[in-house]
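Q:
In this note's numbering, the protein residues as written are 2 to 262.
#1: Would you call residue 249 buried or exposed, if buried means 16 or more other Cβ atoms sit within 10 Å of its Cβ?
#2: Between residue 193 and residue 165, what straight-line distance do the alpha-carbon atoms span, to the nearest angstrom?
#3: Which word fits residue 31, buried or exposed, when buried means at least 16 other C-beta atoms lie within 10 angstroms of its C-beta?
#4: For residue 211, name the three-state secondary structure that DSSP assigns.
#5: How would you call residue 102, buried or exposed, if buried means at least 16 neighbouring beta carbons within 10 angstroms?
#6: Please look up how many angstroms separate the CB atoms of residue 288 and residue 110, rounded, as I've assumed it's under 8 Å.
#7: Taking a contact to mean a Cβ-Cβ separation below 9 Å, would you say residue 100 touches residue 22 in this structure?
#8: At the level of alpha carbons, what is the spacing between residue 112 and residue 182?
#9: Which residue spans inside the segment 128-169 form an unbroken beta strand (DSSP E) run of at least 3?
#10: What's the call for residue 68, buried or exposed, on a 16-neighbour Cβ count within 10 Å?
#11: Between the segment 87-94 and the segment 41-56, do at least 3 Cβ pairs fall closer than 8 Å?
#12: With H, G and I counted as helix, E and B as strand and the rest as coil, what does DSSP make of residue 186?
#13: Considering only C-alpha positions, which residue in the set 216, 56, 82 and 170 is nearest to residue 72?
#14: Return helix, strand or coil for residue 204, following the three-state DSSP convention.
#15: Considering residue 258, what are the terminal residues of the alpha helix (DSSP H) in which it resides?
#16: Does the pairing of the segment 197-211 with the segment 128-147 give three or more beta-carbon distances under 8 Å?
#17: In angstroms, rounded to a whole number, what distance separates the CA positions of residue 78 and residue 85?
#18: Pick out whichever of 157, 134 and 155 has its Cα sitting closest to the Cα of residue 62.
#19: I'd like to check one pair, residue 65 with residue 137: are the Cβ atoms closer than 9 Å?
#20: Rounded to whole angstroms, what is the Cα-Cα separation between residue 95 and residue 38?
#21: Could you check whether residue 154 and residue 172 sit closer than 9 Å to each other, using their CB atoms as the reference points?
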């Protein structure tokens with residue numbers, strides 16, 4: 002890690018208490034979350050994340066007031082009996098073969114004091130009413146340490162049709178239950194690089210990807226942060242043709258399919 006900047010911000014200076022969910026503003030960024038690709042050269046993928054703040058709701062529990070930290074549209078840790086915190090998850094294209102590793106290039110954060118983060122109820126089935134599941138405070142709440150411990154992690158690689166991808170999990174929120182301090186990373190840059198051959202879900206393909214179906218082209222653009230930045234291919238815009246061969250008695254049944262296509 003090259004550089005980390007810290008700013009301690011008392012919570013009462015940021016928001017006024019009203020009992021409803023409020024936005025805690027930390028920076029002057031225009032968007033709550035901004036994710037930008039800095040570099041993708043085949044050897045390393047560098048991504049920058051910027052966070053302008055978070056939402057804070059209050060929950061009464063056994064006579065005490067706890068905070069529910071939120072970030073609209075983003076994932077959560079879902080670790081039962083541990084602090085319920087948001088996280089950022091983004092997919093990147095990685096080499097067809099290789100074990101990847103992530104490292105922190107730079108980070109800036111603000112520490113918000115006087116926060117009592119409510120514990121997570123974990124992953125619940127749709128058949129379970131969340132209101133009927135009690136809150137539990139696990140061992141994490143007795144530890145004078147930051148939770149979660151790792152800022153950035155990688156999920157298991159996967160293959161999506163033409164491409165091999167991997168999700169970067171970024172824990173932009175860390176919490177110390179003993180000091181009741183919430184650490185929020187407002188500007189953080191990570192780098193993902195190949196450290197060894199092999200790995201899980203290797204994509205076996207002869208030659209480079211040259212043509213991409215136009216429908217999947219749209220999907221890839223929305224799904225991968227670094228799609229199109231380093232790949233050399235053309236999009237197939239043609240609709241294509243279809244030859245339907247069937248038994249004579251079935252022609253009437255198959256005709257609607259031919260008309261639709």
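From the three backbone atoms N, C-alpha and C, an ideal C-beta is built for every residue, glycine too.
A: Considering the structure as presented:
#1: exposed
#2: Separation of residue 193 and residue 165 (C-alpha to C-alpha, rounded to the nearest whole angstrom) is 14 Å.
#3: exposed
#4: coil
#5: exposed
#6: The first residue shown for the chain is 2 and the last is 262, placing residue 288 beyond what the model contains.
#7: Cβ distance not < 9 Å, so residue 100 and residue 22 don't count as in contact.
#8: 6 Å
#9: 153-155 and 159-161
#10: buried
#11: yes
#12: The answer is strand: DSSP assigns residue 186 an E or B state.
#13: 56
#14: In this structure, residue 204 counts as coil in the three-state DSSP scheme.
#15: 252-261
#16: no
#17: 7 Å
#18: Residue 62 has its Cα closest to that of 134, out of 157, 134 and 155.
#19: No, they are not a contact pair.
#20: 14 Å
#21: yes
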